[in-house]
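Inspection log for the structure reproduced underneath, given as structure tokens.
Protein chains: 2
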Amino acid sequence: MPLAMISSAAPKPRKGAFTRDAVLREAMDLASVKGLEGLTIGTLSEALGLSKSGLFAHFGSKEELQLATVQAAQKVFNAEVFGPAVRAPKGLKRLCAVLDGWLDYVEQEIFRGGCFFASVSAEFDSREGPVREEILGCMDLWMETLARLVREAKESGELGRHADPEQLAFEFNALGMAGNSGFQLRRDPKSLVFARRAIRERLKTFAQPYARITI
Amino acid sequence: MPLAMISSAAPKPRKGAFTRDAVLREAMDLASVKGLEGLTIGTLSEALGLSKSGLFAHFGSKEELQLATVQAAQKVFNAEVFGPAVRAPKGLKRLCAVLDGWLDYVEQEIFRGGCFFASVSAEFDSREGPVREEILGCMDLWMETLARLVREAKESGELGRHADPEQLAFEFNALGMAGNSGFQLRRDPKSLVFARRAIRERLKTFAQPYARITI
Chain A
568 MPLAMISSAA PKPRKGAFTR DAVLREAMDL ASVKGLEGLT IGTLSEALGL SKSGLFAHFG
628 SKEELQLATV QAAQKVFNAE VFGPAVRAPK GLKRLCAVLD GWLDYVEQEI FRGGCFFASV
688 SAEFDSREGP VREEILGCMD LWMETLARLV REAKESGELG RHADPEQLAF EFNALGMAGN
748 SGFQLRRDPK SLVFARRAIR ERLKTFAQPY ARITI
Chain B
568 MPLAMISSAA PKPRKGAFTR DAVLREAMDL ASVKGLEGLT IGTLSEALGL SKSGLFAHFG
628 SKEELQLATV QAAQKVFNAE VFGPAVRAPK GLKRLCAVLD GWLDYVEQEI FRGGCFFASV
688 SAEFDSREGP VREEILGCMD LWMETLARLV REAKESGELG RHADPEQLAF EFNALGMAGN
748 SGFQLRRDPK SLVFARRAIR ERLKTFAQPY ARITI
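Chains as they are written, first to last, in the numbering used here: chain A, 568 to 782; chain B, 568 to 782.
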């Protein structure tokens, strides 16, 4: 249960902490469907049956609420995608585990409207301000992580030296994002099949004959 | 000038037609930045210096305004992307011309917030109703067109028989969409370089040695 992990550091959270987690959980789901701009203290308090003043106590402004929601979503993403993958050995296996876990997270609709970051990065890409910067930070970290995983798979000798970590990180992200978007738009898992197949093909292009691709 | 083509059937448009075009032009730009939900009769009339009642005369409701905006954006997209490409001969050259024209359209920011359809499809993918259906129709037509162009390049013998039109349409769309999204989010044309390189590599995998890839 990834959402429980947000408060896993506090075994017996105060009532306020529970409320904050419940608000953020609802906020992430709402934002994945309606975007972060659709997230107002009004809509949230209505969805949760809480008073507006109670919500204001946790989040002083809409912007603070949006920032906290992005940070909470990143924790869920990390727990879902990296949690299982760190058990895989460094190299191609871990790269495959992350990509596989990511597509599972998309397919299982951990957030009601599909991938949270796909929704909000399209929403904020042409805006300015701290919310955009927060989202950009998450996306940059994700791209750097994918590139690092490719680099490690080259270092382990499983991917050949022609594999370009930045280029492949771009491609894997592109394919997974389009898998998510097609799945959300058409309610049809075919897009995710296309995404997995394309990622597998690209890995095959660079993998040593003995290397096992598990996606 | 693609926007002029919207009213190209009417050489001397009435005043009302001019206003409708001006409204739709502003609406497309606004929606590419703030999304179709950010598009209200209020924000539009303010941006254009028109009265709300004047706008209501053209668009009875927010939904009608959103639908008209999607239809107008499709005309601009077609003029920008397919207009130059139909001069290229059927087959690999036309496929390359469409993909190249699409990435040019993204890079030139024909819409203020980048690709209109990238923005609004992420916004409406988890919603219901006629606006979602209109966007889905545009996206389906785009994917079918890409698949048809791949099929024609197979028929002309330039792409080998292992090229899967639906799979490649998914991949090309994924790569261009991610090029757009990276360009919008990071204000850095590197994403578009990655997108072009990835598309070229995928075409090379299936192209006959004599075939010329012009992207």
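All C-beta atoms in this analysis are idealised placements derived from N, C-alpha and C, irrespective of residue type, glycine included.
Run down chain B in chain order and give the residues with a C-beta less than 8 Å from the C-beta of A/Val600. Reading the first sequence from its first residue, position 33 is the one you call residue 600 of chain A. Near A/Val600 (Cβ distances below 8 Å), the residues of chain B are Ser693, Arg694.
Other residues of its chain near B/Arg728: CB distance less than 8 Å, five sequence neighbours each side excluded: As a position in the second sequence, residue 728 of chain B is number 161, starting the count at 1. By the criterion of a C-beta distance shorter than 8 Å, B/Arg728 is surrounded in its chain by Lys721, once the five residues flanking it on both sides are discounted.
Which residues in the same chain have their Cβ closer than 8 Å to the Cβ of B/Lys629, if we skip the five residues on either side of it in sequence? Locating residue 629 of chain B in the second sequence gives position 62, where the first residue counts as 1. Apart from the 5 residues on each side of it in sequence, B/Lys629 sits with its Cβ closer than 8 Å to the Cβ of Leu606, Thr607, Ile608 in its chain, given in chain order.
At a CB-CB cut-off below 8 Å, which residues of chain A make contact with B/Met706? By one-based count along the second sequence, residue 706 of chain B stands at place 139. Simply Leu752.
List, in chain order, every chain B residue whose beta-carbon is nearer than 8 Å to that of A/Ser620. To locate residue 620 of chain A, count along the first sequence from 1; it is residue 53. Going along chain B, no residue has its Cβ under 8 Å from A/Ser620, so there is no contact; the nearest lies around 27 Å.
Is A/Ala652 close to chain B, meaning its C-beta is less than 7 Å from at least one C-beta of that chain? Mapped onto the first sequence, residue 652 of chain A falls at position 85. Chain B, which has no Cβ nearer than 7 Å to the Cβ of A/Ala652, makes this no.
Which whole-angstrom value is the C-beta distance of A/Arg679 and A/Phe691, which I expect to be below 8 Å? The residue labelled residue 679 of chain A in the question sits at position 112 within the first sequence. The residue labelled residue 691 of chain A in the question sits at position 124 within the first sequence. The Cβ separation is near 19 Å, so there is no contact.
Is there at least one Cβ from chain B nearer than 7 Å to A/Gly784's Cβ? Since the first and last residues shown for chain A are 568 and 782, residue 784 of chain A lies out of range.
Candidates A/Gln751, A/Leu726, A/Arg754: closest to A/Ile780 by CA position: Position 213 of the first sequence, counted from the start, is the residue given in the question as residue 780 of chain A. Looking only at A/Gln751, A/Leu726, A/Arg754, the smallest Cα-Cα distance to A/Ile780 is reached by A/Leu726.
Does chain B have any CB closer than 7 Å to the CB of A/Gln734? On the first sequence, position 167 is the one that residue 734 of chain A refers to. Answer yes: the Cβ-Cβ gap between A/Gln734 and chain B drops below 7 Å somewhere.
Neighbour flag for A/Ser628 against chain B, beta carbons, 7 Å: Mapped onto the first sequence, residue 628 of chain A falls at position 61. Taking Cβ atoms only, chain B never reaches closer than 7 Å to A/Ser628, which makes this a no.
If you follow the alpha helix (DSSP H) that A/Cys663 is in, where does it begin and where does it stop? Taking the first sequence and counting its residues from 1, the one referred to as residue 663 of chain A is at position 96. DSSP places A/Cys663 in the uninterrupted alpha helix (DSSP H) bounded by 659 to 674.
Entirely within the segment 666 to 752 of chain B and at least 4 residues each: give me those alpha helix (DSSP H) ranges in chain order. Counting only runs of 4 or more, we get 683 to 691, 697 to 722.
Can you tell which of B/Ala774, B/Pro776, B/Ser758 has the C-alpha that lies nearest to the C-alpha of B/Asp671? As a first step, residue 671 of chain B must be located in the second sequence, where it is residue number 104. Looking only at B/Ala774, B/Pro776, B/Ser758, the smallest Cα-Cα distance to B/Asp671 is reached by B/Ser758.
Could you tell me which uninterrupted alpha helix (DSSP H) segments, each at least 4 residues in length, are contained entirely in the segment 585 to 670 of chain A, listed from first to last along the chain? Within the segment 585 to 670 of chain A, the complete alpha helix (DSSP H) runs of at least 4 residues are 608 to 615, 619 to 625, 629 to 644.
Are any of the Cβ atoms in chain A nearer than 7 Å to that of B/Met595? Your numbering for residue 595 of chain B matches position 28 in the second sequence. Residue contact with chain A for B/Met595: absent (no Cβ-Cβ distance below 7 Å to any residue of chain A).
Name the chain B residues whose beta carbon is nearer than 9 Å to that of A/Leu742? Walking along the first sequence from the start, residue 742 of chain A turns up at place 175. Per Cβ cutoff of 9 Å: Phe737, Glu738, Ala741, Leu742, Ala745.
Pairwise C-alpha distance: A/Ala745 and B/Arg694: Start at 1 with the first residue of the second sequence, and residue 694 of chain B comes out as number 127. Start at 1 with the first residue of the first sequence, and residue 745 of chain A comes out as number 178. Separation of B/Arg694 and A/Ala745 (C-alpha to C-alpha, rounded to the nearest whole angstrom) is 17 Å.
I want to see whether chain B comes within less than 7 Å of A/Ala614, judged by CB atoms only; does it? Position 47 of the first sequence, counted from the first residue, corresponds to residue 614 of chain A. No, A/Ala614 lies away from the interface with chain B (no Cβ there is under 7 Å from its Cβ).
Do you know how far the Cα of B/Ala774 is from the Cα of B/Glu768? Taking the second sequence and counting its residues from 1, the one referred to as residue 768 of chain B is at position 201. Taking the second sequence and counting its residues from 1, the one referred to as residue 774 of chain B is at position 207. Rounded to whole angstroms, the separation of the alpha carbons of B/Ala774 and B/Glu768 is 10 Å.
Would you call B/Lys660 buried or exposed, if buried means 16 or more other Cβ atoms sit within 10 Å of its Cβ? Stepping through the second sequence from its first residue, residue 660 of chain B is reached at position 93. The residue in question, B/Lys660, is buried, as its Cβ has 16 or more Cβ neighbours within 10 Å.
Expressed to the nearest angstrom, what Euclidean distance is found between the alpha-carbon atoms of B/Phe684 and B/Glu593? Here residue 684 of chain B refers to the residue found at position 117 when the second sequence is read from its first residue. Here residue 593 of chain B refers to the residue found at position 26 when the second sequence is read from its first residue. The C-alpha of B/Glu593 is placed about 16 Å away from the C-alpha of B/Phe684.
What do you get for A/Asp755, buried or exposed, if any count of 16 or more other CB atoms within 10 angstroms of its CB means buried? As a first step, residue 755 of chain A is located in the first sequence; it is residue number 188 there, counting from the start. Under this definition A/Asp755 is an exposed residue.
Give the secondary structure of B/Ala778 by DSSP, where H, G and I count as helix, E and B as strand, and everything else as coil. Taking the first residue of the second sequence as 1, we reach residue 778 of chain B at position 211. Three-state result, B/Ala778: coil.
Given that A/Ala714 touches chain B, what residues does it touch there, using C-beta distances under 9 Å? As a first step, residue 714 of chain A must be located in the first sequence, where it is residue number 147. Contacts between A/Ala714 and chain B, judged by CB atoms closer than 9 Å, are missing: the closest CB pair is about 11 Å apart.
State the DSSP-derived secondary structure class of A/Arg754, mapped to helix, strand or coil. Reading the first sequence from its first residue, position 187 is the one you call residue 754 of chain A. Coil, per DSSP.
Residue-chain proximity (A/Leu726, chain B), Cβ-Cβ < 7 Å: The sequence position of residue 726 of chain A within the first sequence is 159, counting from 1. With a threshold of 7 Å between beta carbons, A/Leu726 makes no contact with chain B.
I'd like the list of long-range same chain contacts for A/Val648, defined as Cβ closer than 8 Å, with 5 residues on each side in sequence excluded. What you label residue 648 of chain A is simply residue 81 of the first sequence in a count that begins at 1. Val665, Gly668, Trp669, Tyr672, listed in sequence order.
Count Cβ pairs between the segment 709 to 717 of chain A and the segment 737 to 744 of chain A that sit closer than 8 Å; are there 3 or more? With the rule of 3 Cβ pairs closer than 8 Å, the segment 709 to 717 of chain A counts as touching the segment 737 to 744 of chain A.
Closest by CA to A/Thr636, which one among A/Ala598, A/Thr610, A/Ala646? By one-based count along the first sequence, residue 636 of chain A stands at place 69. Ranked by Cα distance from A/Thr636, the first of A/Ala598, A/Thr610, A/Ala646 is A/Ala598.
Excluding five sequence neighbours on each side, which residues of the same chain lie with their C-beta closer than 8 Å to the C-beta of A/Ile782? Counted from its first residue, the first sequence places residue 782 of chain A at position 215. Cβ within range, chain order: Cys663, Leu666, Asp667, Leu670, Arg763, Ile766, Arg767, Leu770.
Rounded straight-line distance, which links the Cα of A/Arg715 to that of A/Val590: As a working note, residue 590 of chain A is residue 23 in the first sequence. As a working note, residue 715 of chain A is residue 148 in the first sequence. Distance between the alpha carbons of A/Val590 and A/Arg715: 34 Å.
Determine the direct distance from the alpha carbon of B/Ala640 to that of A/Lys657, and round the result to whole angstroms. Working through the first sequence from its first residue, we reach residue 657 of chain A at position 90. Working through the second sequence from its first residue, we reach residue 640 of chain B at position 73. For A/Lys657 and B/Ala640, the distance between alpha carbons rounds to 46 Å.
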